[in-house]
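Chemist:
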Amino acid sequence: KPTVAIVGRPNVGKSTIFNRIVGERISIVEDIPGVTRDRIYSSADWLNHEFNLIDTGGIDIGDEPFLEQIRQQAEIAIDEADVIIFLTNGREGVTAADEQVAKILYKTKKPVVLAVNKVDNPDMRDMIYDFYSLGFGEPFPISGSHGLGLGDLLDEAARNFPEPSEEEIEDDVIRFSLIGRPNVGKSSLVNVFLGEERVIVSDIAGTTRDAIDSDFISDGQKYKVIDTAGMRKKGKVYESTEKYSVLRALRAIERSDVVLVVLNGEEGIREQDKRIAGYAHEAGKGIIIVVNKWDAVEKDEKTMNRMTENIRDNFQFLDYAPIVFVSAKTRQRVFQILDTVKRVSENHALRIQSSILNEVIEDAVAMNPAPSDKGRKLRIYYMTQVQVKPPTFVVFVNDPEIMHFSYERFLQNKLRESFGFEGTPIRLLTRKRS
Ligand code: GDP
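When we follow this note's numbering, the leftmost residue of the sequence shown carries the number 1, and every step to the right adds one.
#1: Find out if the Cβ-Cβ distance for the pair I337, V326 is shorter than 9 Å.
#2: For the beta strand (DSSP E) that contains I365, what are its first and last residues?
#3: So, helix, strand or coil for F140, using DSSP?
#4: Which residue wins for smallest C-alpha separation from F51, given the options L105, V190, I21 and I76?
#5: Counting along the chain, where does the alpha helix (DSSP H) carrying G90 start and finish?
#6: For T430 versus L350, is the C-beta distance shorter than 9 Å?
#7: Cβ of N183 versus every heavy atom of the ligand GDP: is any distance shorter than 8 Å?
#8: Which first and last residues belong to the alpha helix (DSSP H) in which H348 is found?
#9: Helix, strand or coil for Y320 per DSSP?
#10: Flag this pair as yes or no: are the beta carbons of N292 and S177 separated by less than 9 Å?
#11: Can you tell me the Cα-Cα spacing of R333 and D155, whole angstroms?
#12: Please name the residue, chosen from I426, I226, P371 and P400, that lies closest to L436 on a Cα-to-Cα basis.
#13: For the segment 113-124 against the segment 80-96, are there 3 or more C-beta pairs whose distance is under 8 Å?
#14: Can you give me the Cβ contacts of R125 inside the same chain, cut-off strictly under 6 Å, excluding the 5 residues immediately before and after it?
#15: If you compare alpha carbons, which of P322, E408, A366 and I179 is closest to R255?
#16: Do you know whose CA, among G151, K110, P122 and G149, lies nearest D136's CA?
#17: Under DSSP, the alpha helix (DSSP H) around T56 begins and ends at which residues?
#18: From G268 to N358, what distance separates their C-alpha atoms?
#19: Starting from Y382, trace the beta strand (DSSP E) in both directions and tell me its first and last residue.
#20: Where do the ends of the alpha helix (DSSP H) carrying Y407 lie?
#21: DSSP three-state label for R9, please.
#22: Enumerate in chain order the residues of its own chain whose CB-to-CB distance from S345 is below 7 Å, with the five nearest sequence positions on each side excluded.
#23: Cα separation between I217 and E309?
#24: Using a 10 Å radius around the Cβ and a threshold of 16 neighbouring Cβ atoms, would you call K274 buried or exposed?
#25: F216 lies in the beta strand (DSSP E); which residues open and close that run?
#26: Using only the heavy atoms of the ligand GDP, determine whether one of them is closer than 8 Å to the beta carbon of V262.
#27: If you draw a straight line from the C-alpha of L428 to the C-alpha of G62, how long is it?
#28: What residues in its chain sit with their C-beta under 7 Å from that of V101, if we drop five residues either side in the sequence?
#29: Which residues mark the beginning and the end of the beta strand (DSSP E) in which G430 is found?
#30: Within the same chain, show all residues whose beta-carbon is closer than 6 Å to that of F396, passing over the 5 residues directly before and after it, in chain order.
#31: Considering only residues of the same chain and omitting the five flanking positions on each side of M304, which have a CB-CB separation below 7 Å?
#32: Starting from the Cα of P322, find the closest Cα among I40, I289 and K342 and give me that residue.
#33: Any heavy atom of the ligand GDP closer than 8 Å to the beta-carbon of G268?
#34: Per DSSP, which one or two residues make a beta bridge with Y223?
#35: Going by the C-beta, is G180 closer than 8 Å to any heavy atom of the ligand GDP?
#36: With respect to the alpha helix (DSSP H) encompassing Y279, which residues constitute its N-terminal and C-terminal limits?
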């Protein structure tokens with residue numbers, strides 16, 4: 001999927017435009033704090049184009065001076081995006097700060113689309129003429145608060161989307177990423193994978209041109225480790241900011257089949273770990289919990305069980321995720337991670353025949369009859385799998401209103417009991433049979 005970034009000096013309306021384009025997306029993990037708050041990255045669509053959108057204005061760059069912040073946000077846009085929307089404010093005209101942003105954007109070969117915001121009605125269109133002087137061609141008048149002109153702007157952005165790269169077509173490769181707080185040992189684990197195996201490290205000029213992904217083969221299976229922040233050479237100032245590493249993690253998650261949520265066994269679980277795991281769950285990816293630095297933990301025969309209980313307690317929404325205890329330092333069980341990645345990615349892409357599915361559902365309903373509400377009884381007609389990655393099922397009923405959350409949960413559990421689905425979330429939708 002192509003990525004579009006919005007840049008511009010403060011107060012031109014970046015987050016209003018971001019929210020307009022993204023629309024209201026419903027979070028499926030309501031109980032994880034911070035997952036959707038302060039969103040700066042989201043998938044979005046326009047007509048038949050799907051893309052990711054970044055609001056660079058939401059990435060605050062510490063205590064740097066004002067112009068330096070704007071400069072770094074523009075550089076993030078250049079680093080991360082395929083197309084850049086350069087946003088300005090028609091009511092204030094071209095300012096010195098706009099010219100600063102323009103100067104940085106001149107350096108990139110990536111397409112830049114210039115938008116003039118706060119043009120709230122057609123009489124105000126004259127405001128845009130000033131903006132030709134920025135040197136990015138025709139300015140697009142828009143109004144974030146009224147939702148005007150966004151269609152034309154997005155059409156122009158979409159015209160500049162790159163051709164889908166080959167990378168997205170390869171299907172015999174399992175793509176995974178490692179996410180977690182700094183210093184939990186993500187890079188060390190990757191180094192073990194790459195060091196021990198025939199390495200075909202390459203600078204992939206793929207969808208995310210600046211990402212360094214690494215390919216390797218283990219036990220005859222091809223893998224691709226997706227680059228995340230902190231795993232590549234550090235250099236730019238913004239790479240150490242929290243929002244930027246969240247952004248990088250989200251982008252890596254999006255490109256993965258399976259995500260390793262890496263914890264530091266020595267330190268136990270932190271609030272930030274939960275938030276990070278929440279992103280992966282919400283994205284519907286296969287998930288494995290990896291407890292690293294297990295060598296450094298003082299243990300008796302109960303330690304592993306206690307840690308497991310602690311993880312299950314803290315990550316209730318990840319009850320399907322297997323847990324692996326490893327040490328990047330001693331390499332203990334590190335390669336067990338890859339076996340688990342392979343298994344989980346198979347489950348993530350598992351397709352169940354309708355006939356088998358419906359036998360399971362019939363049995364389930366016989367055992368635990370469907371609920372009634374206001375004198376009406378829920379009738380379950382049949383179930384079908386509509387999607388993989390993650391496996392998504394639709395159950396057709398007479399009246400979706402009578403379906404209870406608890407009964408949905410029961411059916412989901414039956415699916416898990418029957419088919420496993422270890423490591424992958426599954427989704428169940430209820431629809432009225434028409
Ligand atoms: P990242 O920020 O998550 O990529 O973490 P790094 O891979 O850079 O590791 C952070 C620190 O933890 C380094 O000093 C590593 O040597 C150390 N470390 C990584 N894995 C292990 C492990 O399994 N055991 C121990 N004792 N130390 C580890």
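Quick reminder that beta carbons are idealized off the backbone N, C-alpha and C, glycines included. In this text, all values refer to a predicted model and were calculated from it rather than measured experimentally.
Modeler: The structure says:
#1: yes
#2: Sequence inspection shows Val at residue 365; the Ile mentioned does not correspond to that position. Where V365 is concerned, there is no enclosing beta strand (DSSP E), although the alpha helix (DSSP H) it sits in stretches over S354 to M367.
#3: strand
#4: I21
#5: It is not in any alpha helix (DSSP H) - G90 carries neither H nor E in the DSSP assignment.
#6: no
#7: yes
#8: V334 to H348
#9: coil
#10: no
#11: 50 Å
#12: The first residue shown for the chain is 1 and the last is 434, placing residue 436 beyond what the model contains.
#13: yes
#14: P141
#15: I179
#16: Asp is not the amino acid found at residue 136; the sequence shown has Phe there. Of G151, K110, P122 and G149, the residue nearest in Cα terms is K110.
#17: Looking at the DSSP string, T56 is not in any alpha helix (DSSP H), and its letter there is neither H nor E.
#18: 42 Å
#19: I380 to Q387
#20: F405 to F419
#21: coil
#22: I174, D257, V258 and G286
#23: 34 Å
#24: buried
#25: S214 to S218
#26: yes
#27: 42 Å
#28: V7, G8, R9, I70, A74 and F86
#29: According to the sequence displayed, residue 430 carries Thr and not Gly. That run of the beta strand (DSSP E) goes R427 to K432.
#30: Y381, Y382, R431 and R433
#31: F325
#32: I289
#33: no
#34: I174 and F216
#35: yes
#36: E271 to E282
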